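Residue numbers for the sequence shown, in this note's numbering: 1 to 650.
Quick reminder that beta carbons are idealized off the backbone N, C-alpha and C, glycines included.
These numbers come from a predicted model, not from an experiment.
Take a look at the structure below.
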Amino acid sequence: MYRHSLHQQIRNILADGDSAESRQPDASFVTRLTANATALDALFQELYGNHPQRDQFFSEMVRTLIRTHVSRPVSMLERDDRKLDAGHWFLSNQITGMSLYVDRFCNDLNGMPDRLTYLRELGVNLLHLMPLFESPEGESDGGYAVSDFRRVDPKFGTIEDLRSLQELMQSQGMYLMLDIVFNHTSHHHEWARRAKAGDPEYQDFFYMFPDRTLPDRYDAAMPEIFPESAPGNFTWVEECGKWVMTVFHRYQWDLNYRNPRVFIEMLDTVLFHANLGIDILRIDAPAFIWKEPGTTCQNLPGAHTLLRLLRQCVATSAPGMALLGEAIVAPADIMRYFGTGIYTARECDIAYNATHMALQWDALATGDTRIMLSAQPQLQQKPFGTTWINYVRCHDDIGLGYTDEMIREAGFDPYAHRRFIKDHYSGVHPGSEARGALFSVNPKTQDARISGSLASLCGLESAIAADDRAAVDTALDRILMMQAHSIFLGGIPMLFYGDEIASLNDYAYQQDPAKHYDNRWMHRPRIDWKALAERLRPGTPMQRVFTGLQRLIKLRREHELTGDYGNISWMHPHNIHVAGYVRSLDARRLYCVFNFGKEPAWLTWYAFKQHGILPDTLTDLWSGTEIRVGPDHEHFILPAYGFALLINRD
Ligand code: GLC
Numbered sequence: 001m002y003r004h005s006l007h008q009q010i011r012n013i014l015a016d017g018d019s020a021e022s023r024q025p026d027a028s029f030v031t032r033l034t035a036n037a038t039a040l041d042a043l044f045q046e047l048y049g050n051h052p053q054r055d056q057f058f059s060e061m062v063r064t065l066i067r068t069h070v071s072r073p074v075s076m077l078e079r080d081d082r083k084l085d086a087g088h089w090f091l092s093n094q095i096t097g098m099s100l101y102v103d104r105f106c107n108d109l110n111g112m113p114d115r116l117t118y119l120r121e122l123g124v125n126l127l128h129l130m131p132l133f134e135s136p137e138g139e140s141d142g143g144y145a146v147s148d149f150r151r152v153d154p155k156f157g158t159i160e161d162l163r164s165l166q167e168l169m170q171s172q173g174m175y176l177m178l179d180i181v182f183n184h185t186s187h188h189h190e191w192a193r194r195a196k197a198g199d200p201e202y203q204d205f206f207y208m209f210p211d212r213t214l215p216d217r218y219d220a221a222m223p224e225i226f227p228e229s230a231p232g233n234f235t236w237v238e239e240c241g242k243w244v245m246t247v248f249h250r251y252q253w254d255l256n257y258r259n260p261r262v263f264i265e266m267l268d269t270v271l272f273h274a275n276l277g278i279d280i281l282r283i284d285a286p287a288f289i290w291k292e293p294g295t296t297c298q299n300l301p302g303a304h305t306l307l308r309l310l311r312q313c314v315a316t317s318a319p320g321m322a323l324l325g326e327a328i329v330a331p332a333d334i335m336r337y338f339g340t341g342i343y344t345a346r347e348c349d350i351a352y353n354a355t356h357m358a359l360q361w362d363a364l365a366t367g368d369t370r371i372m373l374s375a376q377p378q379l380q381q382k383p384f385g386t387t388w389i390n391y392v393r394c395h396d397d398i399g400l401g402y403t404d405e406m407i408r409e410a411g412f413d414p415y416a417h418r419r420f421i422k423d424h425y426s427g428v429h430p431g432s433e434a435r436g437a438l439f440s441v442n443p444k445t446q447d448a449r450i451s452g453s454l455a456s457l458c459g460l461e462s463a464i465a466a467d468d469r470a471a472v473d474t475a476l477d478r479i480l481m482m483q484a485h486s487i488f489l490g491g492i493p494m495l496f497y498g499d500e501i502a503s504l505n506d507y508a509y510q511q512d513p514a515k516h517y518d519n520r521w522m523h524r525p526r527i528d529w530k531a532l533a534e535r536l537r538p539g540t541p542m543q544r545v546f547t548g549l550q551r552l553i554k555l556r557r558e559h560e561l562t563g564d565y566g567n568i569s570w571m572h573p574h575n576i577h578v579a580g581y582v583r584s585l586d587a588r589r590l591y592c593v594f595n596f597g598k599e600p601a602w603l604t605w606y607a608f609k610q611h612g613i614l615p616d617t618l619t620d621l622w623s624g625t626e627i628r629v630g631p632d633h634e635h636f637i638l639p640a641y642g643f644a645l646l647i648n649r650d
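This is how it looks when you write it as structure tokens:
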């Protein structure tokens, strides 16, 4: 939509471009800026329409877009063009990711180049490097408390090391994902230090209050994120005699996006990150970025407007960078992060499929897939052009974030059911093989999440301790079934480092004063590269998991229908232990069936035929066998914790 005054303003800003800049904005940038101007203006107006300096800040935002674009390296501009030409590049079946802590994986950034071969051997071509920017030792939250957004923490190396790694990865066809900790800074960040020193301009960068009046109003409606280690949502700042909002830990100060200066500073930071060559920017904790007293301060409309504004800015200045919203929220809330109305598929490009991840763990504990199935109608509403990160584990805890209604719909009592799941994974339930721990138990509500590595939660730790070979085999079956279910689901599979070699829980964090209060460290292993030779010794758990994953990734890459093109449908339930979905493209069908139960499961051929005509034989990509399709009443049998990937050949 053309608006004369707005477009005139944009033209003027473009015309008095900074002559000191080395380049002039190119034609495609100008087209994008002009095309997006109306949206940028409307979104900015929604957030800052009442601000006395609204116009001045709007111009500053546009200048930031121009400045960051003209300093974008030429190689990245070319990559942007290639991605735009390909359209929705991140929906492809060719991308498989891994999240890792650089220091725990290979000491520092200089250690990474040598490890790329290992990652490619596995089939990984997207790396999510956990936070790398400066973060004070001891008050770091694994790097999610950033004291300088532009300085790589010396323990990892330098920004130059990061740039060379990115260039190397790009030359090898790999993708890079990094975090922007958008919701808060460390209390050692310069803005926080100035606020502590009493500077009102910087106090306005945070939610700071002279007394408890507003903090009490906020606290009354806000849940606690870390009720054990950081209860409440405000922290008293002795230096300036004020309360500051700290939703996460006391050392993480929430940024005040009601102040347009904060938005512009963080936009500049985001685009600085974009110009490091990041392919996917993981926006940490976006559900929390807008606050209103009397609300939970999560998932508010303002948070969505802010994300939409950020998205239009990135799409203008650095269009090759996709945005991943790390919103770990209820199923009904997650869809809104993909945008609604005219912003459908124009907010976050990617989101974590956290509900499904938790449902996999639910089904594994109970052997019953009904809750997982009851969630699918909601999860299937994801708009075309957006995708999931699918995963079974990450660096965080597993929250049982699915709804009580879903549990009830499957015929269970929500309280008793969740209690069972928690008891199962913390190894408390009699006979449970899982070895995990409860994280962030809320003493008031008994709510809790779960920590533990994939292998330990699947029973490998207890099986090895008991020297029980059959139990080891079962644990390995569980691990691969869980991975396969997530890898073929549609979306980007994101492995968590260490899971590819069946790492068990590491209890060393208990002795570390900076970590002992946070049991998520039990599943953040230190990689011992000497021990990794085991992955080549046939029959070891490490080798079986590594090669299994390698094959799963390869199979996914060989079949285009595993990309995320709105081409998944769930099989009708016939056996409560089996979850099945069908991936399709043209006449091709891939029937993916997973037995979450501890006994063999039987499915009639009718269960498959309901989803289309079957040929006489199907090929199971996983076992490599041809399978004769029987009449409707005969059965296809899956072993305990087994799975099959049945494809029709021409
Ligand atoms: C995200 C991170 C988590 C961190 C939190 C606060 O949820 O994944 O590890 O504790 O944000 O930054």
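When the beta-carbon positions are compared, Thr295 and Pro331 stay at least 7 Å from each other. Assignment of Glu238 by DSSP, reduced to helix, strand and coil, places it in the coil class. By the beta-carbon neighbour count (other beta carbons within 10 angstroms, threshold 16), Val593 is buried. Asp349 and Ala322 do touch by the CB rule: their CB atoms are close to 4 Å apart, below 8 Å. When the five nearest sequence neighbours on each side are left out, no beta carbon in the same chain lies closer than 6 Å to the beta carbon of Ser75. Excluding five sequence positions before and after Glu46, the CB atoms of its chain that fall closer than 7 Å to its own CB belong to Thr305, given in chain order. Secondary structure at Asn36: helix, using DSSP grouped into helix, strand and coil. In this structure, the CA atom of Pro136 is about 10 Å from the CA atom of Gly142. Between Ala601 and the set Glu626, His424, Gly642 and Thr617, the nearest pair of CA atoms involves Gly642. The region 86 to 98 makes no contact with the region 332 to 341; the number of CB pairs closer than 8 Å stays below 3.
Note on geometry: alpha-carbon atoms of Ile501 and Leu454 lie some 10 Å from one another.
In this structure, the C-beta of Ala285 approaches the ligand GLC to less than 6 Å from one of its heavy atoms. Excluding its 5 nearest sequence neighbours in each direction, His516 has C-beta neighbours in its own chain below 7 Å: Tyr509 and Gln510, listed in chain order.
Taking the C-beta atoms as reference points, Leu603 is found nearer than 7 Å to Asn575.
Of all alpha-carbon atoms in Asp396, Gln380 and Val181, the one lying nearest the alpha-carbon of Ala145 is that of Val181.
Separation of the CB atoms of Ile371 and Leu359 is rounded to 6 Å, and the pair is thereby assigned contact status at 8 Å. Pairing Gly399 with Ala448, the inter-Cα distance amounts to about 7 Å. Here Asn505 is buried, its C-beta having at least 16 other C-beta atoms within 10 Å. With 16 or more neighbouring CB atoms inside 10 Å of its own CB, His249 falls in the buried class.
Of the other Cβ atoms in all chains shown, fewer than 16 fall within 10 Å of the Cβ of Ser5; this residue is therefore exposed. A direct Cα-to-Cα measurement between Leu552 and Gly459 gives close to 21 Å. The shortest CA-to-CA distance from Glu409 to any of Gln8, Val545 and Thr369 is the one to Thr369.
Selection Arg589, Trp236, Tyr257 and Glu265 evaluated against Arg150 yields Glu265 as nearest (Cα-Cα). The C-beta distance from Ala192 to Trp253 rounds to 5 Å, short enough to fall under 8 Å. Between Phe546 and Arg535, the C-beta spacing is below 7 Å.
Taken in chain order, the whole beta strand (DSSP E) runs of length 3 or more contained in the region 244 to 294 are 252 to 254 and 280 to 284.
With three or more CB-CB distances shorter than 8 Å, the region 106 to 114 counts as touching the region 162 to 182.
Phe439: member of the beta strand (DSSP E) spanning Ala437 to Phe439, first to last residue. Within 10 angstroms of the beta-carbon of Asn648 lie 16 or more other beta-carbons, which makes it buried. In this structure, the CA atom of Leu126 is about 4 Å from the CA atom of Gly97. Exclusion of the five residues before and after His424 leaves Ala365, Ser432 and Ala434 as the residues of its chain whose Cβ lies within less than 7 Å of its Cβ. Contiguous alpha helix (DSSP H) elements confined to the region 62 to 149 occur at 74 to 86, 102 to 106 and 112 to 122, taking only those with 4 or more residues.
As the crow flies, the alpha-carbon of Ile66 is around 8 Å from that of Leu14.
Across the structure, His184 and Leu116 are spaced so that their CA atoms are roughly 32 Å apart. Cβ-Cβ separation between Trp388 and Gly325: approximately 11 Å, too far for a contact (criterion under 8 Å). Here the alpha carbons of Asp179 and Asp284 stand approximately 6 Å from one another.
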